[in-house]
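S.K.: Here's a structure for you.
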Amino acid sequence: MSARRAIIAGTGSALPRTRVSNAELSDRVDTSDEWITDRTGIKFRHIAQPDETTATLGAAAAAKALEAAGMDAGEIDLIILATATPDNTFPASATKIQRLLGIRGCAAFDVAAVCSGFLYALSVAESMIRAGSASKALVIGSETFSRILDWEDRTTCVLFGDGAGALVLKAEDGDRGILATKLHADGEYDDMLFVDGGPSTTGTVGKLRMKGREVFRHAVVNLAEVMTETLNLAGVHADDVDWVVPHQANARIIDATVRKLGLPAEKVVVTVDQHANTSAASVPLALDVAVKDGRIKHGDLIVLEAMGGGFTWGAAVIRF
1 MSARRAIIAG
11 TGSALPRTRV
21 SNAELSDRVD
31 TSDEWITDRT
41 GIKFRHIAQP
51 DETTATLGAA
61 AAAKALEAAG
71 MDAGEIDLII
81 LATATPDNTF
91 PASATKIQRL
101 LGIRGCAAFD
111 VAAVCSGFLY
121 ALSVAESMIR
131 AGSASKALVI
141 GSETFSRILD
151 WEDRTTCVLF
161 GDGAGALVLK
171 AEDGDRGILA
181 TKLHADGEYD
191 DMLFVDGGPS
201 TTGTVGKLRM
211 KGREVFRHAV
221 VNLAEVMTET
231 LNLAGVHADD
241 VDWVVPHQAN
251 ARIIDATVRK
261 LGLPAEKVVV
271 TVDQHANTSA
281 ASVPLALDVA
291 VKDGRIKHGD
301 LIVLEAMGGG
311 FTWGAAVIRF
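Per the numbering used here, the sequence shown starts with residue 1, numbered consecutively.
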């Protein structure tokens, strides 16, 4: 008897109108294209304008995912938004996206796990679909990190961008779909990547702070381990993988991680050069790029992975 699985029925993405190159950024910050490219692989990022928010970008990406799935918004019975930069402290920005899409009555909520947020949201949605409490879900990662950057700190502000990615999951019996997910967290390291504000502490939004070298070291180890762990849960080998869609934080982290797994660079989807680190949006945004340009095809075995502040990290193995 075939198992009830959550399959990816459609993907979509959205980027702010304004695209900023390293050269343009160097007019504002004491940096250079060479310095940024050498350390991160980033060449461009998109920055949201005042009329572009986490909710509007998320809704635009979700609408494209629905179109790709050939599905009407009214069919959706679950919306999960992964974000660290919601429009408001409350209500959940997922409910704003729900309203923008013209959907009424279904469950809609936010998940906060920073850069790993999309993997957390995906795991929750898959569990709900497998349990039968949802049948068609929108899983969205959307961020406006430019709102929480310290533009005087060149070590962090050059790393991030804004954007959104989304996918439609639907229940289907068969061998396709999400085969395994695995999530981790360790609050021992919460001072290595954090925002120095919040409603319950400072009463302010705060700015992003990061200890880059420590984050790099933990990311390479944790991501390689969780991908191996998730592949084992799915009953597949690294050699079976067609594509890895990693969190787009830093080209060096991506390279070091896939080398630890012994995977060739040709199997890795990289968009960090064009989008920078879009936190919870980076994995679904990169996935949509690779689906739209034809690299990822139905039947391909793909691995998603991400690590973010907390620390939180996770992976998913999917038969696309």
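Every residue gets a Cβ at the ideal spot worked out from N, C-alpha and C, and that includes glycine. What you are looking at is a predicted structure, and each value in this text was computed from that prediction instead of being measured.
How is His-247 classed by DSSP in three states: helix, strand or coil?
M.R.: In the structure shown, His-247 sits in coil (DSSP, three-state: anything other than H, G, I, E or B).
S.K.: Can you list, in chain order, the residues of its chain with a C-beta nearer than 6 angstroms to that of Trp-151? Leave out the 5 residues immediately preceding and following it.
M.R.: Same-chain partners within the cutoff: Cys-157.
S.K.: Let me check understanding here. Comparing Cα to Cα, which of Ile-36, Lys-260, Ile-296 lies closest to Ile-318?
M.R.: That would be Ile-296, whose Cα lies nearest to the Cα of Ile-318.
S.K.: Take the Cβ of Gly-105 as the centre, count every other Cβ of all protein chains shown within 10 Å, and call the residue buried at 16 or more, exposed below.
M.R.: Label assigned to Gly-105: exposed.
S.K.: Distance check for Ser-116 and Val-226, CA to CA, integer angstroms please.
M.R.: One C-alpha to the other measures close to 12 angstroms.
S.K.: Would you report the Cα separation of Arg-154 and Phe-216, rounded to the nearest angstrom?
M.R.: Cα-Cα distance, rounded: 17 angstroms.
S.K.: Tell me which residue opens and which closes the beta strand (DSSP E) that Met-128 is part of.
M.R.: Unbroken run through Met-128 is the alpha helix (DSSP H), 117-131; no beta strand (DSSP E).
S.K.: Just the Cα atoms here: how many angstroms apart are Thr-54 and His-237?
M.R.: Taking the straight line from one Cα to the other gives about 37 angstroms.
S.K.: List the endpoints of the continuous beta strand (DSSP E) containing Thr-53.
M.R.: Taken as a continuous stretch (DSSP letters only), Thr-53 belongs to no beta strand (DSSP E), as it is neither H nor E.
S.K.: Determine the burial state of Ser-200: buried for a count of at least 16 other Cβ atoms within 10 Å of its Cβ, exposed for fewer.
M.R.: The residue is exposed, with fewer than 16 neighbouring Cβ atoms inside 10 Å.
S.K.: Assuming contact is defined by CB atoms lying nearer than 8 angstroms, are Ala-121 and Ser-142 in contact in what I supplied?
M.R.: No, the Cβ-Cβ distance between Ala-121 and Ser-142 is not below 8 angstroms.
S.K.: Let me make sure I understand the geometry here. Which of Val-20, Ala-315, Leu-101, Ala-62 has the alpha-carbon closest to that of Ala-234?
M.R.: Ranking Val-20, Ala-315, Leu-101, Ala-62 by Cα distance to Ala-234 puts Ala-315 first.
S.K.: Glu-214 lies in the alpha helix (DSSP H); which residues open and close that run?
M.R.: From DSSP, the alpha helix (DSSP H) with Glu-214 extends over 212-234.
S.K.: Could you tell me which residues DSSP pairs with Asn-324 in its beta bridges?
M.R.: Since the first residue shown for the chain is 1 and the last is 320, residue 324 is missing from the structure and cannot be characterised.
S.K.: For the beta strand (DSSP E) that contains Ile-178, what are its first and last residues?
M.R.: From DSSP, the beta strand (DSSP E) with Ile-178 extends over 177-185.
S.K.: Asn-22 to Ile-42, Cα distance in whole Å?
M.R.: Spanning the two alpha carbons is a distance of roughly 8 angstroms.
S.K.: For a test of the three-state rule: what should DSSP assign to Val-139, helix, strand or coil?
M.R.: Residue state, collapsed to three classes: strand.
S.K.: Say whether the segment 57-67 touches the segment 4-23, bearing in mind that this needs 3 or more beta-carbon pairs closer than 8 angstroms, one atom from each stretch.
M.R.: At 8 angstroms Cβ cutoff, the stretches touch.
S.K.: If we call anything under 8 angstroms between Cβ atoms a contact, is Leu-81 one with Asp-51?
M.R.: Cβ atoms of Leu-81 and Asp-51: not closer than 8 angstroms.
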